[in-house]
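For reference, the structure is listed below as structure tokens.
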Amino acid sequence: MKIYTKTGDQGETGLLGGVRVSKNHPVIQACGELDETNSLIGLALSADLPDDLQQILTRVQNDLFVLGSQIAACQSASSRAAELSGDSIVWLEQTIDRCSEGLPAMDAFILPGGAPAAAQLHVARCVCRRAERAVTGLAAAGGLLKDLSQVIVYLNRLSDLLFVLARKMNFLLDSAETKWLPQK
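When we follow our numbering, the leftmost residue of the sequence shown carries the number 17, and every step to the right adds one.
In structure tokens, the structure reads:
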């Protein structure tokens, strides 16, 4: 099977269900933001992360593919989209709580950075927030045949998880967090 199909050479692409849209369509924008988030998580996984964090992020990567299929099917009656597990958001919340245990209390905003793996997770968090904005905009525009509210909630929790994982990596690697202290 060839990787190129030539069906997008005129600036259009196909969605699940056969609908064709411009490559700058909001659905494609949202899918692209999810892909970037997933790729940045893959970059973070290339660092020397503890096994439990690798397992968490690998599950997240799989979930992001599911979310992408839901978005790609939001303008059709297609039943080909994968479904997010009913407990995925609860799992994210429980994982956030578990990974937060033992971290120093926050008494100020924290500047992104620290150890390379933590910095990569911070970048993934920022792109995840961008994906959340893209999906929220898509949902607000209306005219969708699929409800994206669970996708939005998932992305909101995921960005929180990525923040906590960045903090956890800095903590595990004894890399100091830099507090944001506004100039007076």
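C-beta atoms are modelled at their ideal positions from N, C-alpha and C, and glycine is treated no differently.
- Residue LEU181 holds the alpha-carbon nearest to the alpha-carbon of PRO132 among ALA156, LEU181, ALA88, SER85.
- The three-state reading of DSSP puts THR152 in helix, counting H, G and I together.
- When rounded, the separation of the alpha-carbon atoms in GLU49 and PRO120 is 31 Å.
- For the 7 Å CB-CB criterion, LEU178 and ARG145 do not form a contact.
- When rounded, the separation of the alpha-carbon atoms in VAL151 and SER165 is 9 Å.
- In the three-state reduction of the DSSP assignment, LYS195 falls in the strand class, which pools E and B.
- Counting of Cβ neighbours within 10 angstroms places MET122 among the exposed residues, the total staying below 16.
- Counting C-beta atoms within 10 angstroms of its own C-beta, ASN186 has 16 or more neighbours from the protein chains shown and is therefore classed as buried.
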